[in-house]
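If you read the sequence shown in the numbering used here, its first letter stands for residue 234, the second for the next number, and so on.
The C-beta atom is built at its ideal place from N, Cα and C for all residues, glycine as well.
This structure is a prediction, so every number in the text was calculated from the model and none was measured.
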Amino acid sequence: MNRVSSSRRLKGVEDLNSRTVLTGVILVISMVCSFSASAADSDNSPLGIALFPPLQLPNSGYGIVGLRLSLVGVHREAQGIDLALLGNVTNKKFRGLAIAGLFNYNSGLSTVVGLQAATIANLNTASSTVYGVQLAGYNTAGTVYGLQLGLVNVANDLHGVQIGLFNINKTGLFKGSPIINIGF
Numbered sequence: 234m235n236r237v238s239s240s241r242r243l244k245g246v247e248d249l250n251s252r253t254v255l256t257g258v259i260l261v262i263s264m265v266c267s268f269s270a271s272a273a274d275s276d277n278s279p280l281g282i283a284l285f286p287p288l289q290l291p292n293s294g295y296g297i298v299g300l301r302l303s304l305v306g307v308h309r310e311a312q313g314i315d316l317a318l319l320g321n322v323t324n325k326k327f328r329g330l331a332i333a334g335l336f337n338y339n340s341g342l343s344t345v346v347g348l349q350a351a352t353i354a355n356l357n358t359a360s361s362t363v364y365g366v367q368l369a370g371y372n373t374a375g376t377v378y379g380l381q382l383g384l385v386n387v388a389n390d391l392h393g394v395q396i397g398l399f400n401i402n403k404t405g406l407f408k409g410s411p412i413i414n415i416g417f
């Protein structure tokens with residue numbers, strides 16, 4: 234009888250400890266988001282969490298400098314690690330590592346520094362510049378300094394290598410090339 238009550242007390246303490254730790258983690262994440270998002274002179278947050286807009290903290294007018302975790306996250310800019318089940322959307326600038334289940338999309342005068350990896354597409358506007366690696370079924374960017382690896386790769390101006398079934402470098406010597414295309 235003494236062993237049974239001892240093991241019940243121990244199980245109760247373990248459950249309480251697990252709940253306390255989980256509550257603490259949620260509280261810290263909430264405080265980081267709220268403090269950084271509410272600061273009057275700051276428009277960046279170290280953490281972004283999103284289901285899809287507008288269900289995200291902080292809102293899409295903010296930049297994320299640190300970590301963004303989302304189903305689909307939309308922010309002004311992102312610097313750091315950007316992980317999404319479906320897609321990452323950045324309206325101005327991205328620097329770091331972007332990994333998405335389906336797509337990465339950067340609009341406006343975007344600068345991508347680092348890695349973009351997605352199952353379907355890495356989409357960057359014609360006014361974008363990519364320094365690094367794009368890895369997806371379809372990759373597109375304005376200017377690329379680095380590597381595009383996918384089924385179809387498109388660059389307005391390529392300074393690097395494209396490897397895929399079909400590769401397009403609009404200003405290159407070879408505008409279209411199967412398997413590999415190189416630009417200088």
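Considering Cα atoms alone, identify which of the options is closest to residue i.
| i | options | result |
| --- | --- | --- |
| Ala333 | Ile401, Ala350 and Val345 | Ala350 |
| Asn355 | Leu300, Leu368 and Val298 | Leu368 |
| Gly320 | Leu382, Ser275, Leu284 and Thr362 | Leu284 |
| Leu318 | Ala311, Ala331 and Asn324 | Ala331 |
| Tyr295 | Pro279, Phe417, Val363 and Ser361 | Pro279 |
| Thr419 | Val305, Leu382, Lys325 and Ile297 | There is simply no residue 419 to check, as the chain begins at 234 and stops at 417 in what is shown. |
The beta strand (DSSP E) with residue i in it runs from where to where?
| i | result |
| --- | --- |
| Ala285 | The sequence given here places Phe at residue 285; Ala does not occur at that position. It spans Asn277 to Phe285 - the beta strand (DSSP E) in which Phe285 sits, taken as one unbroken run. |
| Gly347 | Thr344 to Ala351 |
| Lys325 | Gly296 to Ala333 |
| Pro411 | Gly409 to Gly416 |
| Ala388 | Val385 to Asn402 |
| Thr376 | Tyr371 to Leu382 |
| Thr362 | Thr362 to Leu368 |
How long is the line joining the alpha carbons of residue i and residue j, rounded to whole angstroms?
| i | j | result |
| --- | --- | --- |
| Arg309 | Ala374 | 18 angstroms |
| Ile412 | Asn386 | 10 angstroms |
| Leu288 | Asn277 | 17 angstroms |
| Leu343 | Asn357 | For the record, residue 343 in the displayed sequence is Ser; it is not Leu. Between Ser343 and Asn357, the C-alpha separation is close to 7 angstroms. |
| Val265 | Ile401 | Annotation note: pLDDT 47 at Val265 (below 50); position unreliable, no value reported. |
| Val307 | Gly409 | 33 angstroms |
| Ala272 | Gly281 | Low per-residue confidence applies at Ala272: pLDDT is 42, beneath 50, and the placement is therefore not dependable enough to give any value. |
| Asp315 | Gly329 | 8 angstroms |
| Ser267 | Gly299 | Legend: pLDDT at Ser267 = 47, less than 50; position of this residue unreliable, value from coordinates given subsequently. Going by the C-alpha atoms only, they are around 15 angstroms apart. |
| Thr376 | Gly365 | 11 angstroms |
| Val346 | Thr323 | 13 angstroms |
| Val305 | Ser340 | 15 angstroms |
| Ala388 | Leu348 | 16 angstroms |
| Gly313 | Ala359 | 23 angstroms |
| Ile297 | Phe327 | 9 angstroms |
Say whether chain B places a C-beta atom closer than 8 angstroms to the C-beta of residue i.
| i | result |
| --- | --- |
| Phe327 | Judged by its chain identifiers, the structure shown contains no chain B, having just a single protein chain. |
Which residues in the same chain as residue i place their Cβ atom closer than 6 angstroms to its Cβ, once the five residues preceding and following it in sequence are excluded?
| i | result |
| --- | --- |
| Asn394 | Looking at the sequence provided, one finds Val at residue 394 rather than Asn. So the qualifying residues of the chain are Leu380 and Ile415. |
| Thr404 | Asp390 |
| Arg301 | Gly281, Ala311 and Asp315 |
| Pro286 | Ser293 and Val307 |
| His392 | Tyr378 and Gly416 |
| Leu384 | Gly370, Gly397 and Leu398 |
| Leu382 | Leu368 and Ile396 |
Within the same chain, show all residues whose beta-carbon is closer than 7 angstroms to that of residue i, passing over the 5 residues directly before and after it, in chain order.
| i | result |
| --- | --- |
| Phe407 | Asn414 |
I'd like the list of long-range same chain contacts for residue i, defined as Cβ closer than 8 angstroms, with 5 residues on each side in sequence excluded.
| i | result |
| --- | --- |
| Ile353 | Leu335, Phe336, Ala369, Gly370 and Tyr371 |
| Ala270 | For Ala270, the predicted structure reports a pLDDT of 43, less than 50, and the residue's modelled location is therefore unreliable. The matter cannot be settled from this model. |
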